[in-house]
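Asker: My questions all concern the structure below.
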Amino acid sequence: MATSTPTRDAHTPPPRGSQRKPVNAHRQMWRSRIWRFDDKASPYAYIAPFFLVFGAFGLYPLIYTGWIALHRVEMTGLDRMEWVGWANFDRILHDAEFWTAVSNTFLIGVMSTVPQLLVALGLAHLLNYKLRASTFWRTIILTPYATSVASAALVFALVFRADGGLLNWVLHFVGLGDTNWANGHWTSKIAISVIVIWRWTGYNTLIYLAAMQAVPTDLYEAASLDGASRWQQFRKVTIPSLRPTILFTIVISTIGSMQLFGEPLLLEGGTLGAIGGNEHQYETLSVYLYNYGWNLGHLGPAAAVAWAMLALLLIIAAVNWLFGRFVRKSAV
Amino acid sequence: MRITRTVAGRSRRAAVLVTTGLTASALLLTGCSSDSDSSDTSSDANGKITLTVADFGQFGYKEAGLFAKYHELNPNITVKEDTTAEEKNYYPKLLQQLSAGSGLADVQGLEVGRIKELADTKADQFADLSKVIDVNEWVSWKEKQATTKDGKVIGAGTDIGPMSLCYNTELFKKAGLPTDRKEVAAKIAGGWEDYLKLGEEYKKKAPAGTYFMDSASAMYNAVVSSNAKQYYDESGQPIYKDSPSVKQGWDLSAEAADKKLTQGLAQFGDPWKAALRKSTMATVACPAWMAGQISIAAGDANKGKWDITTAPGATAANWGGSFLGVPTAGKHVAEASKLVKWLTAPEQQAAVFKAIGSFPSNKGAYELPDVKNAKLAYFNDAPIGQIYADEAKSIPETVLGPKDAVIKDTISTQINNMEQRGTSPDKAWKAATEAIDKAIG
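As given, the protein sequences belong to chains A and B, one line each in that order.
Per UniProt numbering, the very first residue in the first sequence carries number 1; after that it's consecutive.
Per UniProt numbering, the very first residue in the second sequence carries number 1; after that it's consecutive.
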């Protein structure tokens with residue numbers, strides 16, 4: 001930062017045009033001030049675009065949603081807002097359907113996250129060994145993640161269809177079958193979890209793989225010299241080294257499952273999709289929000305649901321943080 | 001000297017970068033609010049304009065070749081259609097666009113279940129079509145639905161859905177029932193109770209794996225549609241809980257579900273289409289536009305097996321039917337209104353009827369040979385023009401409400417639960433009323 005000293009431009013030639021001496025001295029003082037300001041302020045200016053964009057597309061909608069949550073706003077008259085205070089929150093908290101959605105969201109979240117991360121961990125471990133055409137396998141494993149929610153959900157809707165669905169057709173040969181997957185309370189949740197697992201396992205596998213490759217190889221060498229089997233290496237070397245990464249994937253998956261929307265909406269589609277099944281058996285919070293806002297046209301309660309979801313995420317984050325602290329402490 | 005120059009240069013570059021960055025992000029921020037109105041570009045120096053028509057489902061204009069014909073008659077006008085498959089997705093978008101005053105097409109399709117809500121809340125954003133069309137050309141109740149309290153007409157009627165009964169003659173024969181149109185009509189002349197009795201008769205000798213009707217919710221819709229009073233009273237109060245027509249429809253559906261007369265398939269879904277292909281249901285409550293749906297789903301293999309007769313009971317019913325409205329936010333309101341007048345004129349409605357079977361709402365069309373003498377080859381040459389035109393005359397003037405579509409949907413879902421899951425009528429009714437109160441409130 002030596003160049004930022006005020007004396008550095010003592011030899012600056014006067015700019016074009018007639019300039020008188022006193023003005024020149026005055027100008028130099030100004031220049032140095034501007035430069036000092038420049039040094040301090042430009043970093044902020046460089047990062048300003050992000051914050052401006054975030055303010056406009058992140059913070060403003062968030063706050064405005066909160067504002068709407070305190071009003072009665074109908075889809076048919078977005079310009080008419082009527083203050084109702086906490087009534088919208090009161091309304092959703094006393095709605096049995098809201099609590100169904102909360103428990104569905106958590107159940108589907110657990111049912112999809114746990115197997116997904118376990119499988120991802122195993123796959124990453126396999127991919128971490130020397131394989132022929134490893135890039136090919138890694139690409140293949142990421143392919144489901146690259147497909148859109150809509151196409152994945154539509155394809156799986158065909159698989160899980162009650163009448164003439166692929167899965168029932170296969171089950172038919174083993175003497176089972178004729179399960180109305182979307183209709184049952186558990187079967188519908190299983191169906192949705194399968195779509196989520198199928199889409200996200202590859203993504204998590206690659207994250208684990210990246211973390212595994214950062215684990216020093218001498219640890220493995222030392223372990224194999226000691227006669228540790230692959231399974232033992234996995235348990236005693238890989239897992240402990242991966243702890244922060246695992247925590248990260250849990251957080252990401254939790255946020256993802258809180259926002260689960262496309263899969264339940266499209267499993268049956270149409271009217272039933274929008275209410276999460278004929279008995280709300282697979283209605284998630286996002287679907288509940290969507291139905292309230294866009295199907296029934298009541299934007300106030302819909303906005304209240306959005307804020308309730310934020311609150312739930314913050315609670316989960318707090319639990320996660322406490323859990324993480326506990327894990328770190330017990331690891332020491 | 002060298003040093004200072006580079007420093008000055010760097011700082012200037014930095015200033016330029018910052019300014020560019022800020023300008024770029026400012027542009028990005030304002031970009032979404034800037035008015036990128038596309039209708040400006042739809043009119044070029046030669047006065048040629050492009051009119052856009054946004055609709056849902058199947059309006060049949062493309063199938064009848066009407067947009068191309070309009071371009072032939074008016075070489076300076078090109079019509080483009082933007083179709084959303086499900087009205088359920090179309091309507092919220094329309095409301096948003098109306099609120100924003102942008103993104104609207106020159107002509108917008110409006111569904112009958114929504115017309116009341118639009119007339120109540122959005123009338124000021126639609127052109128008054130009563131200055132362009134003669135409302136007396138329509139069947140009396142149709143244009144009234146799109147008329148506001150102060151006499152403004154926000155939509156010109158397209159089709160209506162006079163009710164009939166479609167039945168599978170092959171299955172009827174196997175179950176020992178009459179197959180002739182008149183004989184079937186006589187059996188159910190007493191109303192929907194007779195229809196259920198016929199169902200029990202069918203069930204006694206029915207071929208294995210077949211059902212009397214496709215879905216109880218369809219029958220419910222047909223029953224309610226034949227009444228003037230449905231979900232709201234004239235003053236706009238929701239009365240669905242005590243409405244006699246709703247109660248009648250609900251009780252009949254519960255009975256049908258209880259007696260297992262229905263296959264319990266949600267209409268227009270893939271399983272429903274598959275069932276039609278495999279001929280597992282004997283009857284379908286049949287608004288005019290339904291015949292087309294059945295023939296497409298059941299396929300050529302079942303051609304001639306189906307027939308059409310009058311719906312149960314003496315009072316006719318109407319199910320469905322849409323309107324075309326012209327938003328005032330459009331750049332070509334006058335031209336769009338002319339297009340709407342042309343599209344809903346008798347000749348064009350008759351052409352749509354011929355192409356996809358949507359029945360005209362413009363009375364003038366009933367005298368045209370394309371409608372009057374129309375027979376459906378697929379349905380054993382049923383004289384549909386005559387059947388539907390007769391029905392259309394006795395359809396009662398229904399009282400519409402703002403949330404008709406949502407109420408109908410919600411009740412249908414619960415009827416579906418009774419059929420498929422054996423949910424008790426009391427429990428289903430409770431669930432339906434809770435959901436409806438949430439929707440209305």
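Glycine included, every Cβ here is placed at the ideal spot set by N, Cα and C.
At what residues does the beta strand (DSSP E) containing T283(B) begin and finish?
Answerer: 281 to 287
Asker: Would you list the residues sitting across from M213(B) in a DSSP beta bridge?
Answerer: T262(B), T283(B)
Asker: In terms of residue numbering, what span does the alpha helix (DSSP H) encompassing W83(A) cover?
Answerer: Per DSSP, W83(A) belongs to no alpha helix (DSSP H); it is in the beta strand (DSSP E), 77 to 83.
Asker: Suppose the cutoff is 8 Å on Cβ atoms and the five residues either side in sequence are ignored; what does the same chain contact list for V246(B) look like?
Answerer: V224, Q230, Y231, Y240, I411
Asker: Only counting runs of 4 or more residues, tell me where the alpha helix (DSSP H) segments fall wholly within the segment 338 to 394 of chain B, in order along the chain.
Answerer: Runs found: 346 to 356, 369 to 372, 384 to 393.
Asker: Taking the CB atoms as reference points, tell me whether V268(A) and G277(A) lie closer together than 8 Å.
Answerer: According to the sequence displayed, residue 268(A) carries Glu and not Val. In this structure, G277(A) lies closer than 8 Å to E268(A) by Cβ.
Asker: Answer yes or no: do V340(B) and V326(B) have a C-beta to C-beta separation smaller than 8 Å?
Answerer: yes
Asker: Ignoring anything shorter than 4 residues, give me the alpha helix (DSSP H) runs that lie fully in the segment 222 to 281 of chain A, in order along the chain.
Answerer: 230 to 233, 239 to 258, 262 to 268, 270 to 274
Asker: Shorter than 8 Å from the beta carbon of E279(A) to some beta carbon of chain B?
Answerer: yes
Asker: Give me the Cα-Cα distance between H26(A) and R33(A), rounded to the nearest whole angstrom.
Answerer: The straight-line gap from Cα to Cα measures roughly 11 Å.
Asker: In angstroms, rounded to a whole number, what distance separates the CA positions of T283(B) and A266(B)?
Answerer: 14 Å
Asker: Which of helix, strand or coil does DSSP assign to Q201(A)?
Answerer: Correcting the residue type first, residue 201(A) is Thr in the shown sequence and not Gln. Looking at T201(A) - three-state DSSP - the assignment turns out to be helix.
Asker: Is the segment 313 to 323 of chain A touching the segment 237 to 255 of chain A in the sense that three or more CB pairs, one from each, lie closer than 8 Å?
Answerer: Cβ pair count under 8 Å is three or more, so yes.
Asker: In three-state DSSP terms, what is residue 335(A)?
Answerer: This structure leaves residue 335(A) out entirely; chain A is present only between 1 and 332.
Asker: Among A297(B), E367(B), R181(B), which has the Cα closest to the Cα of N380(B)?
Answerer: Nearest C-alpha to N380(B): R181(B).
Asker: Compare the Cα-Cα distances from V305(A) to each of A222(A), P115(A), A87(A), G165(A) and report the closest residue.
Answerer: A87(A)
Asker: So, does the CB of S99(B) fall closer than 8 Å to a CB anywhere in chain C?
Answerer: The chain inventory of the structure shown lacks chain C, comprising the protein chains A and B.
Asker: Taking the beta carbon of D55(B) as the centre, do at least 16 other beta carbons fall within 10 Å, making it buried, or is it exposed?
Answerer: buried
Asker: Given a threshold of 16 other Cβ atoms within 10 Å of its Cβ, counted over all protein chains shown, does L219(B) qualify as buried or as exposed?
Answerer: The displayed chain sequence assigns Met, not Leu, to residue 219(B). By the neighbour-count rule (16 or more Cβ atoms within 10 Å), M219(B) is buried.
Asker: For Y53(A), count the other beta carbons within 10 Å of its own beta carbon; 16 or more makes it buried, fewer makes it exposed. Which is it?
Answerer: In the sequence as displayed, the identity of residue 53(A) is Val instead of Tyr. Its Cβ having fewer than 16 others within 10 Å, V53(A) is exposed.
Asker: I want to see whether chain A comes within less than 8 Å of Q125(B), judged by CB atoms only; does it?
Answerer: Chain A places no beta carbon closer than 8 Å to that of Q125(B), leaving this residue out of the contacts.
Asker: Here's the rule: buried if 16 or more other CB atoms are within 10 angstroms of the residue's CB, otherwise exposed. What is K116(B)?
Answerer: By the beta-carbon neighbour count (other beta carbons within 10 angstroms, threshold 16), K116(B) is buried.
Asker: List the residues that DSSP assigns as beta-bridge partners of W306(B).
Answerer: Its beta-bridge partners are N168(B).
Asker: If you measure between the beta carbons of Y70(B) and W342(B), is that distance less than 8 Å?
Answerer: yes
Asker: On the DSSP bridge list, what partners appear for W138(B)?
Answerer: DSSP lists N362(B) as partners of W138(B).
Asker: So, at 6 Å on beta carbons, what are the nonlocal neighbours of T309(B) in its own chain, with the 5 sequence-adjacent residues on each side left out?
Answerer: L165, R181, V184, A185
Asker: Assuming A105(B) and A146(B) are in contact, meaning their beta carbons sit under 8 Å apart, how far apart are those beta carbons, in whole angstroms?
Answerer: Beta-carbon to beta-carbon, A105(B) and A146(B) are separated by about 18 Å, too far to satisfy the 8 Å threshold.
Asker: So, is N24(A) buried or exposed, given that buried needs 16 or more other C-beta atoms within 10 angstroms?
Answerer: Its Cβ having fewer than 16 others within 10 Å, N24(A) is exposed.
Asker: Go ahead and pull the three-state DSSP assignment for residue 444(B).
Answerer: The requested residue 444(B) is not part of the displayed model; chain B covers only 1 to 441.
Asker: If distances are taken between C-alpha atoms only, which option among A439(B), A431(B), I387(B), K354(B) comes closest to G65(B)?
Answerer: K354(B)
Asker: Strictly by DSSP, which residues pair up with P312(B)?
Answerer: According to DSSP, P312(B) bridges with nothing at all.
Asker: What are the complete alpha helix (DSSP H) segments, minimum 4 residues, inside the segment 87 to 136 of chain B?
Answerer: 87 to 100, 112 to 121
Asker: Using a Cβ-Cβ cut-off of less than 7 Å, give me the residues of the segment 236 to 253 of chain A that come near chain B, in sequence order.
Answerer: none
Asker: In chain order, what are the residue ranges of uninterrupted alpha helix (DSSP H) at least 4 long that sit wholly in the segment 88 to 174 of chain A?
Answerer: At a cut-off of 4 residues, the continuous stretches assigned as alpha helix (DSSP H) that sit fully inside the segment 88 to 174 of chain A are 96 to 128, 134 to 146, 149 to 159, 166 to 173.
Asker: Between P115(A) and V287(A), what straight-line distance do the alpha-carbon atoms span, to the nearest angstrom?
Answerer: 23 Å
Asker: Would you identify the three-state DSSP class for H298(A), choosing helix, strand or coil?
Answerer: DSSP places H298(A) in strand when its eight states are reduced to three.
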